[in-house]
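These protein sequence lines are chains E and Y, in that order.
Counting from 1, one number per residue, gives the positions in the first sequence under the working numbering.
Counting from 268, one number per residue, gives the positions in the second sequence under the working numbering.
The beta-carbon is built from N, C-alpha and C at its ideal position, and this holds for glycine as well.
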Amino acid sequence: MAARVVTVTSGKGGVGKTTMVANLAIALAVRGQRVVTIDADVGLRNLDVLLGLENRIVYDLVDVIEGRCRLRQALVRDKRLSELFLLPAAQTRDKSAVQPEDMVQVCDSLREQHDFVLIDSPAGIEQGFRYAVAPADEILIVTNPEVAAVRDADRIIGLVEAEEQGPTRLIINRIKPDMVRRGEMLAVADVVELLAIDLIGIVPEDQAILVAANRGQPLAFSSDSSSAGRSFHNIARRLLGEDVPFLPLREPGVLERLFRFVRSEGD
Amino acid sequence: MGFLERVLGRGEPSSSGAVAKERLRLVLSHDRSNISPALLETLKDEIVTVISRHVPIDAEGVEVNFSQNARETRLVADIPLSTKRKRRKR
């Protein structure tokens, strides 16, 4: 068994990479996959708090690289899902502490015992991005339907192509269906056409994401409660090779609402 | 936007979403090719100079633009030849 190493990256910060990694890891682990998440954002550690594991960290990625502990000792096991682990980022160091070869080595040591290694890449195109994509077998690019995020995603796609890495697939996060319907937001089809890469997921804007982050209890734990939660599970299923149709994101139009109203009146 | 269009859920062509798409299309072309708008102007001027040396062209009508096909970017030049008929008009 050899794990697939999947790096989640975006170029622009704040588009939802860490939330994506936390939820995909859970959605995969729920399906019986043995998952390790690596927080590659050295100096700006966050995956631990989103996963609710911040109080259980003893060692971190840089401790492993610099030989202060064995890899096994640094992995934090999630008590809710026995096959989900976190390798936390160092908080008091910076990105110069990690080289691309270090990440390749760490991931290679994880390959045998796990099915997925999910790497949460830092924003930007510098050292942090470089070492986060170095060990990747596959790359997921997260973007939002707005000009700055799409432009940065395009830069990242160009860099990944130049390095001949990939395959690369796209996740469009934080879609607001009502704004798309009014023509006030780029639609999924627009973003896919502009970036010209394969789409693996669409996640609608959902206030439940913030509530989940507040509690350290990612949405993917309860798949049926929210549209974003379902979207994360669908992406995990597509990663596992299932052919899952994309959720219809359109908000009901006026006519639809009218029909529903008429129908419910008739009941 | 008219009532009917709103009911049908169609945005205006100049809605901000459509504007974003058009602006991005151009920005991405410049980014991908590493050709700035200024460089594009220079290219256009030099193309006009070189071609005019051999054939009479309508310099005002020359257009040099990007064309995208998936992730492949092309530079497309549209160069109208100045015909005798056109010259007589002037």
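In this structure, DSSP gives residue 201 (chain E) an extended state, which the three-state scheme calls strand. DSSP, read as helix, strand or coil, puts residue 186 (chain E) in coil. In the three-state reduction of the DSSP assignment, residue 350 (chain Y) falls in the coil class, being assigned neither a helical nor a strand state. Counting along the chain, residue 214 (chain E) sits inside the alpha helix (DSSP H) bounded by residues 208-215. Rounded to the nearest whole angstrom, the CA to CA distance from residue 287 (chain Y) to residue 150 (chain E) is 10 Å. According to the DSSP assignment, residue 344 (chain Y) belongs to no alpha helix (DSSP H) but to the beta strand (DSSP E) extending over 339-345. Residue 34 (chain E) places its beta carbon less than 9 Å from that of residue 83 (chain E). Boundaries around residue 181 (chain E) are those of the alpha helix (DSSP H), 177-181, since no beta strand (DSSP E) includes it. Ranked by how close their Cα comes to the Cα of residue 17 (chain E), the residues E:118, E:162, E:60 and E:127 have E:118 in first place. The beta-carbon of residue 294 (chain Y) is placed less than 9 Å from the nearest beta-carbon of chain E. Counting along the chain, residue 87 (chain E) sits inside the beta strand (DSSP E) bounded by residues 84-87.
At a cut-off of 9 Å between beta carbons, residue 151 (chain E) contacts chain Y. The three-state secondary structure of residue 125 (chain E), taken from DSSP, is coil. In this structure residue 141 (chain E) is in contact with residue 9 (chain E), their Cβ atoms being roughly 6 Å apart against a cut-off of 8 Å. Restricting attention to Y:349, Y:281, Y:285 and Y:311, the CA atom closest to the CA of residue 333 (chain Y) is found in Y:311. In the DSSP annotation of this structure, the continuous segment of the beta strand (DSSP E) that includes residue 335 (chain Y) starts and ends at 330-336. Residues of chain E whose Cβ lies closer than 7 Å to the Cβ of residue 291 (chain Y) are, in chain order, 147, 150, 151 and 194. Exposure of residue 344 (chain Y) is indicated by the presence of fewer than 16 other C-beta atoms within 10 angstroms of its C-beta. With a cutoff of 9 Å on beta-carbon distance, residue 238 (chain E) and residue 201 (chain E) are scored as near each other. Distance from the Cα of residue 299 (chain Y) is smallest, within the candidate group E:43, E:159, E:246 and E:177, for E:159. Rounded to the nearest whole angstrom, the CA to CA distance from residue 293 (chain Y) to residue 147 (chain E) is 12 Å. In the displayed model, residue 234 (chain E) falls within a helix according to three-state DSSP.
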